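All residue numbers for the sequence shown refer to the UniProt record's numbering, where the first residue is 1 and numbers rise by one.
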Amino acid sequence: LWSVKGTMIFRPYGYRIWELIQKYLDEEFKKVNVDNVYFPLLIPESLFNKEKDHIDGFSPEIATVTRVGQKQLEENLFIRPTSEVLMMDYFSNEINSYRDLPLIYNQWCN
């Protein structure tokens with residue numbers, strides 16, 4: 001049995017099903033002009049705290065990266081539970097006017 005709670009293993013048959021689902025949905029997304037994007041797995045603590053401040057009672061248990069090798073990081077990095085805060089931070093600098101809209105994106109995550 002896999003011992004990391006909250007995670008799963010896709011064996012070959014299950015992964016093939018996942019690929020077929022993605023293929024089907026990706027084809028449907030393309031028909032309606034949805035583009036795929038991918039945002040980083042790691043989120044700086046300062047950005048993560050913005051999400052924490054916006055959701056009443058938000059106190060998740062998050063895996064934290066505090067060092068790379070022997071070097072202590074200046075700011076902790078969290079493995080993101082969701083990408084909304086990263087997206088909002090990124091798009092707040094990318095969208096300058098209603099003329100930049102709409103942006104219709106999909107992100108495949110595990």
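Think of the CB as a built atom: it goes at the ideal place given N, C-alpha and C, for glycine as much as any other residue. Just so we're clear, the structure is a prediction, and the values are computed from it rather than from any experiment.
Between Asn-33 and Asp-26, the gap from beta carbon to beta carbon reaches 9 Å or more. Beta-bridge pairing by DSSP links Leu-42 to Ile-79. Its chain contains Thr-66 as the residues whose beta carbon lies nearer than 8 Å to that of Gln-72, once the 5 sequence neighbours on both sides are disregarded; these appear in chain order.
Taking all protein chains shown into account, Leu-77 has 16 or more neighbouring C-beta atoms within 10 Å of its C-beta and is therefore buried. Only residues of its own chain outside the window of five on either side were considered, and among them Phe-48, Phe-78, Ile-79 and Pro-81 have a CB closer than 8 Å to the CB of Ile-62, listed in chain order. In the displayed model, Arg-11 falls within coil according to three-state DSSP, outside both helix and strand. Per DSSP, reduced to three states, the secondary structure at Val-65 is strand. Rounded to the nearest whole angstrom, the CA to CA distance from Ile-104 to Thr-7 is 29 Å.
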